[in-house]
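The listed protein sequences derive, respectively, from chains A and B.
Under my numbering, the first sequence has 44 at position 25, and the numbering climbs by one with no breaks.
Under my numbering, the second sequence has 38 at position 19, and the numbering climbs by one with no breaks.
Don't be surprised by glycine CBs; every beta carbon is placed ideally from N, CA and C.
Number of protein chains: 2
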Amino acid sequence: MTTLSEENYLKAIYHIGKQGNIAVSTNSIAEKMRTKASSATDMIKKLAEKKLVDYKRYQGVTLTEKGRLIAAIVVRKHRLWEVFLVEKLNFSWDEVHDVAEQLEHIKSEKLTNELDALLGFPTEDPHGDPIPDKEGYIKETEKILLSQINIGEQCICVGVKDSSTEYLKYLDKNKVALGTSLAVISKEPFDNSMRIAIESEQLVISNVVANNLFVKRD
Amino acid sequence: MTTLSEENYLKAIYHIGKQGNIAVSTNSIAEKMRTKASSATDMIKKLAEKKLVDYKRYQGVTLTEKGRLIAAIVVRKHRLWEVFLVEKLNFSWDEVHDVAEQLEHIKSEKLTNELDALLGFPTEDPHGDPIPDKEGYIKETEKILLSQINIGEQCICVGVKDSSTEYLKYLDKNKVALGTSLAVISKEPFDNSMRIAIESEQLVISNVVANNLFVKRD
DNA sequence: TATTATTTTTAGATTAGTCTAAATTTTATT
DNA sequence: AATAAAATTTAGACTAATCTAAAAATAATA
């Protein structure tokens with residue numbers, strides 16, 4: 020059995036290492052977990068002991084298959100709960116994260132699978148992030164950043180890179196949601212800001228905004 | 020903020036002391052929590068420090084208003100989640116307890132209240148136990164044990180006193196659920212077993228069974 | 001009421017997870 | 001390659017929650 024803390028570390032490693040394939044440094048784990056490197060080292064040793072990560076001193080860690088699966092299932096639960104909160108309990112996409120952080124640790128396979136069924140087996144969460152299946156596998160949909168779209172091209176919003184409350188509220192305010200059609204009207208070479216069309220409105224957005232919105236060409 | 024452990028102790032005190040009115044002994048708390056009396060004493064001191072219980076050495080504890088409310092809200096969440104699991108996720112009444120024990124600690128007022136609304140503001144959980152309202156108040160419905168029903172009388176099943184998996188499975192097997200109509204046909208003075216009619220079937224039940232089923236006269 | 005039994009508390013130890021500060025290893029730079 | 005900088009680990013300490021064993025208080029009984 021994994022503790023809450025172990026699950027959170029595994030999840031951090033999973034996210035930093037792109038689903039757990041890449042070696043991850045102690046410092047990056049500590050940073051993501053908002054703890055000290057020494058705490059991260061302690062936990063890494065514990066996870067290595069349990070064969071959930073591969074670890075050689077000073078060389079960082081990678082998830083084992085066992086560790087990857089645990090992390091992926093936590094992510095699966097997190098994203099399913101997010102869908103539940105939005106679809107069934109009237110949460111907005113900027114309100115779901117903190118609650119899902121708690122719900123993702125509930126241990127019950129039946130609960131997870133029934134929830135999945137209740138929601139109609141969704142493949143993405145309210146931010147456009149993919150939901151791992153029961154075996155912890157993800158079907159990655161190709162998506163690019165809005166900043167990569169050329170002048171004159173059409174695209175559809177399919178996800179966010181930054182899912183902070185502030186950013187999501189900004190998008191809400193400007194009527195950008197998953198599925199919204201966008202078109203790039205012009206770009207400003209000086210600061211890489213761009214003028215875009217949202218449905219029939221026009222809006223000038225900074226490069227920071229354009230760099231955090233995933234779209235697909237239409 | 021209360022920790023998971025604090026919440027569980029408060030809930031234990033709440034349940035032992037009938038919604039927290041009655042003074043509760045250290046040993047009874049330890050027993051319910053499946054820990055040692057010394058551990059219970061330690062936690063009692065912590066709860067007293069936080070003004071969640073009134074405590075005088077060797078005299079047991081009672082919940083303060085603050086403590087009572089926290090405990091009642093945990094119970095409210097537990098029972099709402101039980102309804103959710105049964106109504107929305109196809110759990111049976113003997114499967115819900117362990118998962119609800121986890122879900123009851125999720126902290127989000129919005130979650131609790133939206134869940135309440137999704138379920139249509141239920142007043143009882145799947146075992147017939149009352150669900151406290153937002154202020155932690157319960158409307159107690161009068162209910163008596165099946166063993167108190169006289170020969171020839173009709174009644175309706177409104178709850179269980181023992182909600183163990185074994186007992187609930189026994190009831191399922193014998194087609195007894197909340198709302199089921201029962202009639203007492205005869206009683207055996209020797210062992211207090213009784214013959215009852217369930218819908219059109221007949222069944223002999225032991226005194227143990229009759230002492231754990233809540234009914235109301237019909 | 002004196003003595004015994006029971007309940008409760010205290011003292012001291014243990015584990016998980018965290019921290020600071022110092023030591024060590026790796027990486028970068030002269 | 002030698003040295004400086006950065007990253008990582010170790011050592012030792014702290015807190016929350018638990019435990020065992022012993023001491024103290026209360027309750028029960030002779």
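Short of 6 Å in beta carbon distance, which residues of its chain neighbour L66 (chain A), apart from the five on each side in sequence? Order them along the chain.
The sequence position of residue 66 (chain A) within the first sequence is 47, counting from 1. The answer, listed in chain order, is V72.
Look at P151 (chain B) and V115 (chain B) and say whether their C-beta atoms are less than 8 Å apart.
Here residue 151 (chain B) refers to the residue found at position 132 of the second sequence. Here residue 115 (chain B) refers to the residue found at position 96 of the second sequence. No, they are not a contact pair.
Under 9 Å (Cβ pairs) to chain A, residues found in the segment 107-125 of chain B:
K107, L108, N109, F110, E114, D117, V118, Q121, L122, H124 and I125
How far does the beta strand (DSSP E) with F233 (chain A) in it reach, from first residue to last?
Taking the first residue of the first sequence as position 1, residue 233 (chain A) is located at position 214. Residues L232 to R236.
Locate the beta strand (DSSP E) running through G292 (chain B), then write down its first and last residues.
Here chain B comprises residues numbered 20 to 237, so residue 292 (chain B) is not present and cannot be evaluated.
Could you confirm whether any beta carbon from chain B is found closer than 8 Å to the beta carbon of S127 (chain A)?
In the first sequence, the residue the question calls residue 127 (chain A) occupies position 108. Yes, S127 (chain A) lies at the interface with chain B (some Cβ there is under 8 Å from its Cβ).
Starting from D73 (chain A) and walking both ways along the beta strand (DSSP E), at which residues does that stretch end?
Working through the first sequence from its first residue, we reach residue 73 (chain A) at position 54. Per DSSP, D73 (chain A) belongs to the beta strand (DSSP E) from V72 to Y74.
Mind listing the chain A neighbours of L137 (chain B)? Cutoff is C-beta to C-beta under 7 Å, in chain order.
Against the second sequence, residue 137 (chain B) aligns to sequence position 118. The contacting residues are K107 and L108.
Residues in the segment 131-159 of chain A having any Cβ partner in chain B nearer than 7 Å
E133, L134 and L137
Taking the CB atoms as reference points, tell me whether V80 (chain B) and V43 (chain B) lie closer together than 8 Å.
The residue labelled residue 80 (chain B) in the question sits at position 61 within the second sequence. The residue labelled residue 43 (chain B) in the question sits at position 24 within the second sequence. Yes.
Can you check which of these residues, A:K158, A:V105, A:T131 and A:A91, is closest to N109 (chain B) by C-alpha distance?
What you label residue 109 (chain B) is simply residue 90 of the second sequence in a count that begins at 1. The option with the nearest alpha carbon to N109 (chain B) is A:T131.
Only counting the same chain, and skipping five residues up and downstream in sequence, which positions put a Cβ closer than 6 Å to that of S225 (chain B)?
Counted from its first residue, the second sequence places residue 225 (chain B) at position 206. Excluding residues within five positions, the ones whose Cβ falls inside 6 Å are S212.
Does DSSP put M62 (chain B) in a helix, a strand or coil?
For the purposes of this step, residue 62 (chain B) is taken as the residue at position 43 of the second sequence. Looking at M62 (chain B) - three-state DSSP - the assignment turns out to be helix.
Which residues mark the beginning and the end of the alpha helix (DSSP H) in which A196 (chain B) is found?
Counting from 1 along the second sequence, the entry for residue 196 (chain B) is found at position 177. That residue, A196 (chain B), is in no alpha helix (DSSP H); it is neither H nor E in DSSP.
Since I believe G147 (chain A) is in contact with G178 (chain A) (beta carbons under 8 Å), could you give me their beta-carbon distance rounded to a whole number of angstroms?
Within the first sequence, the letter at position 159 stands for residue 178 (chain A). Within the first sequence, the letter at position 128 stands for residue 147 (chain A). Confirmed, about 2 Å.
Taking the alpha carbon of K158 (chain A) as the reference point, which residue from A:C174, A:G198, A:A91 and A:V223 has its own alpha carbon closest?
By one-based count along the first sequence, residue 158 (chain A) stands at place 139. For the residues A:C174, A:G198, A:A91 and A:V223, the minimum Cα distance to K158 (chain A) belongs to A:A91.
Measuring straight from C-alpha to C-alpha, what distance separates L138 (chain B) and F103 (chain B)?
Sequence index remark: in the second sequence, residue 138 (chain B) carries index 119 (1-based). Sequence index remark: in the second sequence, residue 103 (chain B) carries index 84 (1-based). Roughly 7 Å separates the two Cα atoms.
Rounding to the nearest angstrom, what Cα-Cα distance links K30 (chain B) and E68 (chain B) in this structure?
Reading the second sequence from its first residue, position 11 is the one you call residue 30 (chain B). Reading the second sequence from its first residue, position 49 is the one you call residue 68 (chain B). Roughly 17 Å between the two C-alpha positions.
Beta-carbon within less than 8 Å of E120 (chain A)'s beta-carbon, same chain only, minus the 5 sequence neighbours each way: which residues are those?
Translated into positions along the first sequence, residue 120 (chain A) becomes position 101. Excluding residues within five positions, the ones whose Cβ falls inside 8 Å are H97.
Among residues of its own chain, excluding the 5 on either side of S24 (chain A), which ones have a beta-carbon nearer than 8 Å to its beta-carbon?
Your numbering for residue 24 (chain A) matches position 5 in the first sequence. Hits under 8 Å: M62.
Where E26 (chain A) sits in the DSSP three-state scheme
Within the first sequence, numbered from 1, the residue matching residue 26 (chain A) stands at position 7. The answer is helix: DSSP assigns E26 (chain A) an H, G or I state.
Indicate the three-state DSSP secondary structure (helix, strand or coil) for E207 (chain B) in the structure shown.
Translated into the one-based positions of the second sequence, residue 207 (chain B) becomes position 188. E207 (chain B): strand per DSSP, three-state reduction.
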